[in-house]
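Novice: Chains as they are written, first to last, in the working numbering: chain A, 34 to 307; chain B, 34 to 307.
Number of protein chains: 2
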Amino acid sequence: MQILAGQISIPTTRCRADQLTHLHQLANRLRVACDDGVPDIIVLPELAAQEYSDDAFDCLEALDDDLGGPVVEAFTELARELGTAIAFGMARRAGSRRHISQVLVGPDGRLAGVYDKLHCAQFGASGEAAHFSPGEQLLVTEIAGWRVGVVICYDLRFPELARRLADEGVELILHPVAFTRDFSFASWHAFVTTRAMENQLYWLSLNRAGAEWGQSLFCPPLVDDDHPTLTFGTGEEWQRLTLDKAALREARRRLPLGTDRRADLDALPMWTPD
Amino acid sequence: MQILAGQISIPTTRCRADQLTHLHQLANRLRVACDDGVPDIIVLPELAAQEYSDDAFDCLEALDDDLGGPVVEAFTELARELGTAIAFGMARRAGSRRHISQVLVGPDGRLAGVYDKLHCAQFGASGEAAHFSPGEQLLVTEIAGWRVGVVICYDLRFPELARRLADEGVELILHPVAFTRDFSFASWHAFVTTRAMENQLYWLSLNRAGAEWGQSLFCPPLVDDDHPTLTFGTGEEWQRLTLDKAALREARRRLPLGTDRRADLDALPMWTPD
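#1: Name the chain A residues whose beta carbon is nearer than 7 Å to that of Gly146/B?
#2: Which bits of chain B does Ala223/A rub up against, with CB to CB less than 7 Å?
#3: At a cut-off of 7 Å, is Gln248/B close to the ligand ATP when judged by its beta-carbon and the heavy atoms of the ligand?
#4: Would you mind working out which of Ala154/B, Asp297/B, Thr213/B and Ala229/B sits nearest Gly182/B, comparing C-alpha positions?
#5: Can you find a CB in chain A that lies within less than 8 Å of the CB of Met123/B?
#6: Output yes or no for whether 8 Å exceeds the beta carbon distance between Ala145/B and Leu137/B.
#7: Since Leu131/B and Ser166/B are thought to touch, with beta carbons under 8 Å apart, how far apart are those beta carbons, to the nearest angstrom?
#8: Who are the neighbours of Phe156/A on chain B, taking C-beta pairs under 7 Å?
#9: For a cutoff of 8 Å on Cβ pairs, would you count Leu194/A as touching chain B?
#10: On a Cα-Cα basis, can you pick out the residue from Glu201/A, His222/A, Ala107/A and Leu171/A that is closest to Ser134/A?
#11: Give a yes or no on contact between the segment 219-226 of chain B and the segment 252-272 of chain A, applying the rule of three or more CB pairs nearer than 8 Å.
#12: Is the CB-CB distance between Thr262/A and Gln248/A below 8 Å?
#13: Output needed in chain order: residues of the segment 82-97 of chain B with a Cβ under 8 Å from some Cβ in chain A.
#14: Please confirm if Arg294/A has its CB atom under 8 Å from at least one CB of chain B.
#15: Give me the chain B residues within the contact set of Glu25/A, using Cβ-Cβ distance strictly less than 8 Å, ordered along the chain.
#16: Let me know the secondary structure DSSP gives Glu231/B once reduced to three states.
#17: Give me the DSSP bridge partner(s) of Arg126/B.
#18: Pull out every residue of the segment 234-261 of chain B whose Cβ sits closer than 9 Å to any Cβ of chain A, in chain order.
#19: Leaving out the 5 sequence neighbours to the left and right, which residues in its chain are closer than 6 Å to Asp97/B when beta-carbon positions are compared?
#20: Helix, strand or coil for Gly160/A per DSSP?
#21: Please report the straight-line C-alpha distance between Val225/A and Trp179/B, rounded to a whole angstrom.
#22: Can a CB atom of chain A be found closer than 8 Å to the CB of Leu207/B?
#23: Hey, how far is the Cα of Ile36/A from the Cα of Phe265/A?
#24: Is Asp88/B helix, strand or coil by DSSP?
#25: Within the continuous beta strand (DSSP E) that includes Pro209/B, where are the two ends?
#26: If distances are taken between C-alpha atoms only, which option among Ala38/B, Ala296/B and Gln40/B comes closest to Glu169/A?
#27: Please identify the residue among Leu93/A, Val65/A and Val76/A whose C-alpha is closest to the C-alpha of His164/A.
#28: Secondary structure at Trp304/B, three-state DSSP: helix, strand or coil?
#29: Would you mind telling me which residues of chain B sit closer than 7 Å to Val173/A, beta carbon to beta carbon, in chain order?
#30: By Cβ distance, which residues of its chain are closer than 6 Å to Glu175/A, with the 5 residues on each side in sequence left out?
#31: Distance, Cα to Cα, Gln233/A vs Val71/B?
#32: So, for Glu269/A: in the same chain, excluding its five sequence neighbours on each side, which residues have a beta-carbon less than 6 Å away from its beta-carbon?
#33: Name the residue from Met34/A, Thr109/A, Ala120/A and Ala60/A whose alpha carbon lies nearest to the alpha carbon of Val76/A.
#34: Would you check if there are 3 or more beta carbon pairs closer than 8 Å linking the segment 76-90 of chain A to the segment 103-121 of chain A?
#35: For Arg47/B versus Ala89/B, is the C-beta distance shorter than 8 Å?
#36: Given a cut-off of 8 Å, decide if Ala177/A and Met34/A are closer than it, judged by their beta-carbon atoms.
Rendered as structure tokens:
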């Protein structure tokens, strides 16, 4: 499987016109990025369809969209034109609620999956919980013969979520993020490495570009000196990532976490003095 | 709470006499290390009472011990003499089984807890599973007013174990290890940082000294640029670590993982196309 991972620059968007200009320019950059060949999937960051800031969140009435609107339409048309799946982030309106969502469309332009962020952050530079509602569903979908799960940014901090997806047979986690340089930045990469390895799957943690963002991380299912992680810079960057089922099998053979895991853990008693 | 963490050198031990010489010399070094004041607890690595190698594992008949034997006696006498708790690793004989155990004795010399490693490793340089049986109990004990849990080396790879201890109110995890420079070494520190932060507790991951070992890690409950981890060198090293309940509370206030965690995660359905 080949991924084209776009750590993209996103301009100021405070109204629909700003946003549509961004999407139009982004589509042009995506066409260029695909000149060297069309990947199985193009992956874009959390809320890729707009600026990430409290000021932009105050304009969500103008920037959000449902699955039938112009944001999704722009990406589905592009997916069809290029003949590739696209995973992109948007503020999704659903009834009276608004979600931080990652939407996957297939190369035929059809909806391949929607995931609404389960844990909306409210700490450091993140004021999401004041503007968005947490999701109520998990997503596992199939892209180019691979089982793909999605979690978004802060979701990373909760081990049970990736574990549940791994137990559903997921081989690749797409983790669109908006990590800015607050105190939570320092531990981000350690968490990604741990999640990839403890679940023995590929993990792409994709940020937006910029001096305050950047440093996206791609982890193979076993990270060691011979299988390092790939760290992006801070500018706009397009990385082609090749995933290999044999590497997945080899990771699971070398480090037999699946066999060694204790099925009886929850039932184990506590030690007590005699 | 103050910990004295001993990343100790351990000589060749292939018979009981080797081992008792090691324990005698270690006691002398511990006395010196306590000259500057007696900590609440002295922590020593996995299998601190003996060499860690396949050759030593072939001599376990001579090196193992039950809770009434000379190994435990050496440490309980020292705990009583110094007036501090001690957590040490040993090959523990229990009936027909043998465990990789961490034993905690209180400053009165009484047994404060026993933990038998739940996951015995069999990969890379680790041939434990051929010599040891996995444990069947968890340990949470109290030391100097702190709730303390223990996990050993490879146990680190399984998120559910530390999570269960954290849910029991544990504030400090003692993680004695024997990490040598095989492929598993590269990701060790990322795992420790993640486990400390995701459970919002202190984590001491303590290795034996030596060019092929070393680099023990101590993590506060929130790791960021202002609260870095402490990494040991490779030689024998005694570190005094001060733990603070206010720092625990502050970590949990700043990053509200406990409140944000989804109690309904296991029950969430999967997305399906309309």
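Positions of the beta carbon are idealized from the N, C-alpha and C atoms, including for glycine.
Specialist: Taking the definition as stated:
#1: Trp304
#2: Ala223, Thr226 and Thr227
#3: This structure simply doesn't include the ligand ATP, nor any ligand for that matter.
#4: Ala229/B
#5: no
#6: yes
#7: For the sequence presented, residue 131/B should be read as Arg rather than Leu. About 6 Å separates the two Cβ atoms, so the contact holds.
#8: Arg287, Leu288 and Pro289
#9: yes
#10: Leu171/A
#11: yes
#12: no
#13: none
#14: yes
#15: Look at the range of chain A in this structure, 34 to 307, and you will see that residue 25/A is not part of it.
#16: helix
#17: Arg131/B
#18: Leu255, Val256, Asp257, Asp258, Asp259, His260 and Pro261
#19: Ala124, Arg126 and Arg131
#20: strand
#21: 30 Å
#22: no
#23: 15 Å
#24: helix
#25: Leu205 to Pro209
#26: Ala296/B
#27: Leu93/A
#28: coil
#29: Met303
#30: none
#31: 43 Å
#32: Ile41, Ser42 and Ala242
#33: Ala120/A
#34: yes
#35: yes
#36: yes
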